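Visitor: Count the sequence shown with this note's numbering and you get residues 1 to 102, in order. All residues carry an ideal CB built from backbone N, CA and C; glycine is no exception. Note that the structure is a prediction, hence the values are computed from the model and not measured.
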Amino acid sequence: MDMVMKLGASSTVVIFIKSSCCISHTIETLIRSFGTNPIVYELDTHSNGKQMEKALIELGYQPSVPAIFIGKELVGGANEIMSLNVSGKLKQMLIRANAIWV
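1) Ignoring anything shorter than 3 residues, give me the beta strand (DSSP E) runs that lie fully in the stretch 27-102, in order along the chain.
2) Around the C-beta of E53, are 16 or more other C-beta atoms found within 10 angstroms, so that it is buried, or is it exposed?
3) Quick check on this structure: which residue in C21, M3, I23, Y41 has the alpha carbon closest to the alpha carbon of V14?
4) Label V86 either buried or exposed according to how many other C-beta atoms from any shown protein chain fall within 10 Å of its C-beta, with 16 as the threshold for buried.
5) Starting from K6, trace the alpha helix (DSSP H) both ways and give me its first and last residue.
6) Between the beta-carbon of P66 and the beta-carbon of I39, is there less than 8 Å?
7) Could you name the residues that DSSP lists as bridge partners for I15?
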């Protein structure tokens, strides 16, 4: 679990995905559409991917991906990101984290 939290805090936006998950890619595309440059970890291709996935599950993520950190905080998965986007709060969160500038 510590490894995932450290990786999540390593940049302004960090996304954990699986290459085979279309929802993961949709969320990554949405976040990139704001002009962010996230660090992306593909759990099914990364050498420590199984450990990362286990840690995400221990944090309560089932399914484990996508999992998104913004501003060094674990924001959540696809539902949380979509809700933030619909309410207009995702862009503000990215600005506050210095992930984008307007």
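Guide: Per the coordinate set shown:
1) 39-42, 67-70, 73-76
2) Taking the first residue of the sequence shown as 1, we reach residue 53 at position 53. Flag for E53 reads buried.
3) Residue 14 sits at position 14 when you count from the first residue of the sequence shown. Per the Cα distances, Y41.
4) For the purposes of this step, residue 86 is taken as residue 86 along the sequence shown, with counting starting at 1. Result: exposed.
5) For the purposes of this step, residue 6 is taken as residue 6 along the sequence shown, with counting starting at 1. It spans 2-8 - the alpha helix (DSSP H) in which K6 sits, taken as one unbroken run.
6) Locating residue 66 in the sequence shown gives position 66, where the first residue counts as 1. Locating residue 39 in the sequence shown gives position 39, where the first residue counts as 1. No; because the gap between Cβ atoms is not below 8 Å, this pair is not in contact.
7) As a working mapping, residue 15 is identified with position 15 in the sequence shown. BP columns for I15 point to V40, I68.
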